[in-house]
Amino acid sequence: MSVLDVSLENGVQWLRLNRPESMNAVNAELRAALAAAVRDAERSPEVRVVVVTGSGRAFCSGADVREFASREGAVEAISGEYERILTGLRTMPKPVIAALNGVAAGIGASIAMACDLRYATPEAALVEAFVKIGLTPDGGATWFLPRFIGTAKAFEIMYTGDPLPAADAERFGLYNRVVPADSLEETVRDLAQALARGPAMALAAAKRSVNFSVNSTFEEALDFEFMLQGVQMQGQDFKEGVTAFLEKRKPEFKGE
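Straight run, no breaks: the sequence shown in this note's numbering ends on number 271.
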């Protein structure tokens, strides 16, 4: 049985963490498989959208602590592998959706936060319990959380290690939407397919703009937006969009 199920559906690449017996805890095999899958999804012209989800009752319970305890001196190597996964998800020029079918803890929470959109079940709490084993959070959690939910709530979560319930995560804007468990995949699939039919260049540019704006001034963000629009206006998708609007029909985007 593969620790990561990879499937392509009409331009949507599904990456399903598949260690349900350990609540999809990330070990060396899963880490390597996920890093390779993220890299391949970014490079493949057939992939327009990526969805990350989990098998069983959890999205991802974090790193496999048993493996971590037995690999002294491997922290740098492991952190490098995680960096490739997280940076890949954040920067690939394609929409990335997390379908949170259950708890997202530790590195699992970071994987979810590295995605562009997060849809979750009511049971999908976000957990940063590092303090309970004498550590500070990793996986970019100290960067993500203040930006998503504010510094005060980020401190509370990191200091106490208490779970952030899905309803609260939705209220803070960390989760886009909480839906019943039996409709999660259908909801995400419908969204992903709609995005896959969208203008790929415009979606990629929107992602670049948002990521750029996080650490830039308003004026810098404006200049960056105008630069990207200038490039897009030379593409076929923009011409098709304008033509379709004038002809009062749905556009047929080709990602060009």
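By construction, the Cβ of each residue, glycine as well, lies at the ideal position given by its N, Cα and C atoms.
Item checked: Complete alpha helix (DSSP H) runs within the region 136–187 (minimum length 4 residues, chain order) -> 156–164, 166–175, 181–187
Next item on the list: Just confirm the distance between the C-beta atoms of ALA156 and GLU143, as a whole number of angstroms; I'd bet it's less than 8 Å.
Entry: 6 Å
Next item on the list: Using only alpha-carbon positions, find the residue among LEU132, TYR97, GLY103, ASP131 that is nearest to GLY121.
Entry: TYR97
Check: Any idea if VAL53 is buried or exposed, counting beta-carbon neighbours within 10 angstroms, 16 or more meaning buried?
Finding: buried
Notebook entry, point to check: How is the alpha helix (DSSP H) around PHE253 delimited, first residue to last?
Noted result: 251–262
Notebook entry, point to check: What are the partner residues of ARG31, as DSSP defines its beta bridges?
Noted result: ASP20, THR68
Notebook entry, point to check: Hey, out of ALA47, LEU45, GLY26, whose CA is closest to SER59's CA?
Noted result: GLY26
Notebook entry, point to check: Whose C-beta lies closer than 8 Å to the C-beta of LEU30 among residues of the same chain, with five residues either side of it excluded?
Noted result: LEU19, ASP20, VAL21, LEU49, ALA52, VAL53, ALA56, VAL65, VAL66, VAL67, THR68
Checklist line | Distance between beta carbons of GLY117 and ALA184, contact taken as under 8 Å | finding: The Cβ separation is near 13 Å, so there is no contact.
Next item on the list: Using 10 angstroms around the beta-carbon of TYR134, count the other beta-carbons present and answer buried if the total reaches 16, otherwise exposed.
Entry: buried
Next item on the list: Return the residue from the list LEU243, LEU32, ALA140, THR202 that minimises the CA-CA distance to GLY176.
Entry: ALA140
Next item on the list: Would you mind working out which of GLU24, SER17, LEU237 sits nearest ARG63, comparing C-alpha positions?
Entry: GLU24
Check: Mapping DSSP to helix, strand and coil, what is ASN25?
Finding: coil
Check: Whose CA, out of ALA114, LEU189, MET216, PHE239, lies closest to the CA of GLU201?
Finding: ALA114
Check: Less than 9 Å separating the beta-carbons of ARG148 and VAL80?
Finding: The amino acid at residue 148 is misidentified as Arg; the sequence shows Ile. Taking 9 Å as the Cβ cut-off, ILE148 and VAL80 qualify as a contacting pair.
Notebook entry, point to check: Is there contact here, the region 211–229 with the region 105–112, by at least three beta-carbon pairs under 8 Å?
Noted result: yes
Notebook entry, point to check: What are the boundary residues of the beta strand (DSSP E) that PHE268 is part of?
Noted result: No beta strand (DSSP E) holds PHE268; DSSP gives it neither H nor E.
Notebook entry, point to check: Ordered along the chain, which non-local residues of its own chain (more than five positions away) have a Cβ less than 8 Å from that of THR136?
Noted result: LEU115, ASN116, GLY117, ALA181, VAL193, VAL194, PRO195, ALA196, LEU199
Notebook entry, point to check: Which term fits PHE233, buried or exposed, when burial requires 16 or more other beta carbons within 10 angstroms of its beta carbon?
Noted result: exposed
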